[in-house]
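Enquirer:
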Amino acid sequence: MESMRKIVEIAGINLDDISMEQAVERIYEFISSAENHSVFTPNAEIMMEGITDKNMKALLNGADMLVADGAGVVLASKLLGREVTEKVSGFDLVKNLLKAASQRPVKFYLFGGKPGIAEKANANIICDYPGAEVVGTRSGYFTSDDEASIIEDINSSGAEVLLVCLGAPKQELWITANKHRLKVKASLGVGGTMDVLAGNVKLAPDFFRNHGLEWLYRLYKEPWRFKRMLRLPKFILHVLGIRVGLVK
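Residue numbers 4 to 251, in my numbering, belong to the letters of the sequence shown in order.
(1) The alpha helix (DSSP H) spanning HIS241 covers which residue range?
(2) Once you ignore the five residues that flank VAL27 on each side, which residues in its own chain have a CB closer than 8 Å to its CB?
(3) Give the C-beta separation of THR196 and SER41 to the nearest angstrom, bearing in mind that I take them to be a contact with Cβ-Cβ under 8 Å.
(4) Quick one, are the C-beta atoms of GLY53 and GLY15 less than 9 Å apart?
(5) Under the DSSP definition of a beta bridge, which residues are partnered with HIS40?
(6) When DSSP builds the beta bridges, which residues end up paired with ILE13?
(7) With 16 as the cutoff for other CB atoms within 10 Å, does ASP148 come out buried or exposed?
(8) When DSSP labels each residue in this structure, what does TYR144 get in the three-state scheme?
(9) May I ask you to report which of helix, strand or coil DSSP gives GLU24?
(10) Compare the beta carbon distance of MET51 and PHE238 with 9 Å and say whether it is the shorter of the two.
(11) In whole angstroms, give me the CA-to-CA distance for LYS81 and SER152.
(12) Exposed or buried, which one is GLN174 when buried takes at least 16 other CB atoms within 10 Å?
(13) Leaving out five residues on either side along the sequence, give the residues of the same chain with a beta carbon under 6 Å from the beta carbon of ILE120.
(14) Hey, ALA126 and PHE111 are a contact pair by Cβ (cut 8 Å); roughly how many whole angstroms apart?
(15) Any idea what DSSP makes of THR110, helix, strand or coil?
(16) So, with DSSP's three-state summary, where would you put GLU136?
(17) Please confirm whether VAL137 and LEU113 have their CB atoms less than 9 Å apart.
(18) Compute the distance between the beta-carbons of LEU233 and GLY75, then report whether it is under 9 Å.
(19) LEU206 lies in the beta strand (DSSP E); which residues open and close that run?
(20) Need the endpoints of the beta strand (DSSP E) that VAL164 sits in, please.
(21) How far does the alpha helix (DSSP H) with ALA126 in it reach, from first residue to last?
(22) If contacts are defined as beta-carbon pairs under 8 Å, then GLY139 and CYS168 qualify, I think. What distance do you get, rounded to the angstrom?
(23) Assuming VAL187 contacts ILE157 (C-beta within less than 8 Å), just tell me the rounded distance between them.
(24) Take the Cβ of ILE21 as the centre, count every other Cβ of all protein chains shown within 10 Å, and call the residue buried at 16 or more, exposed below.
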């Protein structure tokens with residue numbers, strides 16, 4: 004499976020050049036295999052963190068599938084002449100997996116969010132995606148002393164796909180640290196997906212999503228994210244530096 008991967012390298016980070024449909028198919032291949040696989044969905048903020056932090060870069064490059072989540076990452080690939088097929092956001096990937104489960108059943112475990120959020124997301128999944136089976140839920144509030152019981156609960160649930168919504172880089176660190184202790188076949192780090200599934204957070208309107216302006220909508224809704232969002236222009240400037248030869 005690794006030999007079949009088509010990779011696009013951006014600033015030393017190896018993204019899968021893959022469509023949404025192909026990403027869903029790849030996860031079904033993972034489900035049919037004997038091992039657990041890690042799937043990460045970095046946006047421009049996380050990519051910039053990977054550029055400035057060698058440990059984060061190693062985490063990202065260690066994923067079994069790494070998809071471009073966000074217009075900034077897609078733009079970077081175009082600027083470097085290594086354009087990825089399309090944006091594959093974490094939420095849209097999960098949504099397409101849930102839809103596909105109506106024809107090809109999948110067992111999911113929901114891990115993350117504030118207490119009660121995963122249960123609320125499960126209730127909405129039952130209504131909106133009747134073919135998807137959620138076999139367990141757990142909030143994202145825990146200590147290191149709780150990890151053994153969390154892993155035991157996930158393993159005993161019979162889940163095939165684990166949705167880990169702890170936020171970056173906590174979710175990537177957690178998945179990587181526990182990858183070989185988990186009996187699931189695919190562990191997805193998908194950030195705020197749980198809150199969207201629960202109905203607590205709304206996606207940006209289609210206009211913003213279709214024109215690569217989700218960051219602007221998020222900034223309008225959550226102005227406290229301003230400092231963190233400065234990583235987006237830093238990321239694009241870094242990529243432009245690579246393009247003109249100022250940055251290796």
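Just so you know, even glycine gets a beta-carbon here, dropped at the ideal spot from N, CA and C.
Expert: Taking the structure as given:
(1) What you label residue 241 is simply residue 238 of the sequence shown in a count that begins at 1. Counting along the chain, the alpha helix (DSSP H) containing HIS241 begins and ends at 234 to 246.
(2) Here residue 27 refers to the residue found at position 24 of the sequence shown. Once the five neighbours on either side are set aside, the close Cβ partners of VAL27 are LEU96, ASN99, LEU100 and ALA103.
(3) On the sequence shown, position 193 is the one that residue 196 refers to. On the sequence shown, position 38 is the one that residue 41 refers to. About 16 Å separates the beta carbon of THR196 from that of SER41, a gap too long to meet the 8 Å contact definition.
(4) Here residue 53 is taken as the residue at index 50 of the sequence shown, counted from 1. Here residue 15 is taken as the residue at index 12 of the sequence shown, counted from 1. Yes. Within cutoff.
(5) As a first step, residue 40 must be located in the sequence shown, where it is residue number 37. Answer is ALA189.
(6) Residue 13 sits at position 10 when you count from the first residue of the sequence shown. DSSP, once it has assigned bridges, lists ILE16 as partnering ILE13.
(7) Taking the sequence shown and counting its residues from 1, one reaches residue 148 at position 145. Its Cβ having fewer than 16 others within 10 Å, ASP148 is exposed.
(8) The residue labelled residue 144 in the question sits at position 141 within the sequence shown. In the structure shown, TYR144 adopts coil according to DSSP, grouped into three states.
(9) For this step, residue 24 is matched to residue 21 along the sequence shown. If DSSP states are grouped into helix, strand and coil, GLU24 belongs with the helices.
(10) By 1-based counting over the sequence shown, the position of residue 51 is 48. By 1-based counting over the sequence shown, the position of residue 238 is 235. In this structure, PHE238 lies closer than 9 Å to MET51 by Cβ.
(11) The residue given as residue 81 occupies position 78 in the sequence shown. The residue given as residue 152 occupies position 149 in the sequence shown. Annotation: LYS81 to SER152 spans about 44 Å, alpha carbon to alpha carbon.
(12) The residue you call residue 174 lines up with position 171 of the sequence shown. Label assigned to GLN174: buried.
(13) To locate residue 120, count along the sequence shown from 1; it is residue 117. Cβ neighbours of ILE120 beyond the five flanking positions: MET197 and ALA201.
(14) The sequence position of residue 126 within the sequence shown is 123, counting from 1. The sequence position of residue 111 within the sequence shown is 108, counting from 1. With a Cβ gap of about 14 Å, ALA126 and PHE111 do not count as contacting.
(15) The residue you call residue 110 lines up with position 107 of the sequence shown. Per the sequence shown, residue 110 should be read as Lys rather than Thr. If DSSP states are grouped into helix, strand and coil, LYS110 belongs with the strands.
(16) Translated into positions along the sequence shown, residue 136 becomes position 133. Note: GLU136 maps to strand in three-state DSSP.
(17) Here residue 137 refers to the residue found at position 134 when the sequence shown is read from its first residue. Here residue 113 refers to the residue found at position 110 when the sequence shown is read from its first residue. Cβ distance < 9 Å, so VAL137 and LEU113 count as in contact.
(18) For this step, residue 233 is matched to residue 230 along the sequence shown. For this step, residue 75 is matched to residue 72 along the sequence shown. Going by C-beta atoms, LEU233 is not nearer than 9 Å to GLY75.
(19) The count along the sequence shown starts at 1 and reaches residue 206 at position 203. No beta strand (DSSP E) contains LEU206, which DSSP labels as neither H nor E.
(20) Position 161 of the sequence shown, counting from 1, holds the residue named residue 164. Residues 164 to 168.
(21) As a first step, residue 126 is located in the sequence shown; it is residue number 123 there, counting from the start. Where ALA126 is concerned, the enclosing alpha helix (DSSP H) stretches over 120 to 131.
(22) Position 136 of the sequence shown, counted from the start, is the residue given in the question as residue 139. Position 165 of the sequence shown, counted from the start, is the residue given in the question as residue 168. The pair is not a contact, with the Cβ atoms about 14 Å apart (cut-off 8 Å).
(23) Here residue 187 refers to the residue found at position 184 when the sequence shown is read from its first residue. Here residue 157 refers to the residue found at position 154 when the sequence shown is read from its first residue. VAL187 to ILE157, Cβ: 7 Å. Contact.
(24) Here the question's residue 21 lines up with position 18 in the sequence shown. Buried, since its Cβ has 16 or more Cβ neighbours within 10 Å.
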